[in-house]
Amino acid sequence: MDILVREILFHEFKHRLNEYKKERFNRLIERTPLIQILFASLIFLFFSIVFLRAEKMLGGGDVVFSSLIASLLIFITLMAMLLSVEFLHALGRVGALKPLLALPIKTRFLPFKTWLKYYASPLFIMMLPFYLKSFHYSWKVPTLALLWTLVSILLGYGIGSLLAVFSFRVQKKSFLWNILRIAGLSLVGIALMLFIFYGILFPSTFKKITALNIQPYLFPVVQSLNIYYAIHGKVQWEPLAGYLLISFTIFLLGNALIERHLIEGMYISKTKRMYRAFKTSSLLALVIKDLKLGFRRTSVIFITLLPLVFLIPLIFLQKSDLATWTLIIGSTALIESLNAQVLLIEEHKNGWFLFSLPVKAKNFRNSKALTVSILYVPSIFIGLFAASHNAVSKKELPFLLAFGFLSNLLMAKFMVWWLTRNAEEEYTLMPAYLTISDSIIILGLAAVLINFPAALIKITYPFLGPSLGYAFLVFEAFLLVLVYKEA
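Per numbering that gives the first Met the number 0, the very first residue in the sequence shown carries number 0; after that it's consecutive.
Below, the structure is given as structure tokens:
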């Protein structure tokens, strides 16, 4: 199953064949998937631990625990959809499956097996803390949680395959269509996230349902109630068996269609229309280009949704201290700064073309950072709404707003500069993926930017209020001016 992902990576890195020796190039192809799995697993595990920590902040209890498991399960479904579309599109671009038909290799379910190993495995890691905690109740609870995870994985891949089949047949190029697509998916994701927290939003309704021993079959209410009943010793296998059958059927249908289309190849229809050029500054033109680039990537949807999933349950946190919300806003800002790498991954093959234009490296980097900050707008406003809902003083909201944007912009700018620091010497603008050393440096800086101001405010707030928080903003602004001037 490694052959497909290595074929994709070969096409990503083939421009380096001349500068790398054969052995070094082969090691690069072999190690990159493992590094990606490790990095994604660490990110998802951190996210899961934060979510588990949120359970205590939300008051704890069986209702909250089962609701949080349901939220992660629906999140896994959404991520499985997005990741499967991303992977299957990559396979379609390079045509990796069709040549294997002439070899003594079983290609049946090969794309799914590859996706499960290299893309879906971090999703199981994300559930690990909840599996371990559920053993506190009974072995039946983690068993049910694991089976529901399987339902989410199969359902997500099946739906993602059907979406990929449709997109192979018709691929729109309109900027407006891309905006509507990402807006629609974001709204659906937000609606689902709000819905799955029904146990927290409307605990009285949840208690009435459980008291009457009613088993609604609506997804994902059924997941939360199934876990809740298992915690109290009553296991209901019927709804789980029904959803396993449904998800397996959708998976088989989607897998059969996508394998056929991957072998036949991609058919793309375009609507021809007159292109009208207009004059503007090079920086603005690059920002517009990057926004169009971002709206074509499902990874952007993922990184945009991730902080929203983190923020929505915190609306009910009922903690109003500024240090806590500095930590929360900073975390979302730095998570969304990862969009900088997504844009660079999409851009890296076109580096030679950009260098042939009168585009300065500084404008190139600044446009990426500004685009990331524009994509951060939904998260910062939801974060401010959550903070104000938790009785954070209105006088402190401007601080959180400035801290979020400055941290996001600074981290995005540093990430772009670090990854393109040797751009002038390379055929492309960056090595498409983060190395271990890149990850350590970037995550290390992120940890400082998140934890230091939160700790500073926590210690000094009783005596000085948010004064040192504003002092840190001045320091961030100074660093931002410095990197924008020098890089």
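Ideal Cβ positions, reconstructed from N, Cα and C, are used throughout, including at glycine. Treat the numbers as computed from the prediction; the structure is a model and nothing was measured.
In the three-state DSSP reduction, F134 falls in the coil class, being neither helix nor strand. For N365, the CB contacts under 7 angstroms within the same chain, skipping 5 residues up- and downstream, are L282, Y483 in chain order.
When L51, L122, S372, A385 are compared, the shortest CA-CA separation from L37 is found for L122. Within the model, the alpha-carbon separation for Q340 versus I42 is close to 15 angstroms. By the beta-carbon neighbour count (other beta carbons within 10 angstroms, threshold 16), H260 is buried. The continuous stretches of alpha helix (DSSP H) do not include V234, and DSSP gives it neither H nor E.
For the options T76, S66, S392, the alpha carbon positioned closest to that of F129 is the one of S66.
Using a Cβ-Cβ distance cut-off of 8 angstroms, the region 241-260 and the region 323-337 are not in contact, since fewer than three pairs of beta carbons, one from each stretch, lie closer than that value. In the three-state scheme derived from DSSP, where H, G and I count as helix and E and B as strand, P465 is classed as coil.
Cβ-Cβ separation between A368 and L405: approximately 12 angstroms, too far for a contact (criterion under 8 angstroms). No Cβ-Cβ contact shorter than 8 angstroms links V234 with L149. In this structure, DSSP gives V391 a state outside helix and strand, which the three-state scheme calls coil. By alpha-carbon distance to L290, the top candidate from K457, V371, A39 is V371. In the three-state DSSP reduction, G403 falls in the helix class (H, G or I). In the DSSP assignment, S336 falls outside any alpha helix (DSSP H) and carries neither an H nor an E. DSSP, reduced to helix, strand and coil, places T419 outside both helices and strands of the structure shown, so it counts as coil.
A straight-line Cα-Cα distance of about 24 angstroms links L399 and S47.
If you draw a 10 Å sphere on the C-beta of I373, you find fewer than 16 other C-beta atoms in it, and that means exposed.
Note on E475: 16 or more other CB atoms within 10 angstroms of its CB, so buried under the neighbour-count rule.
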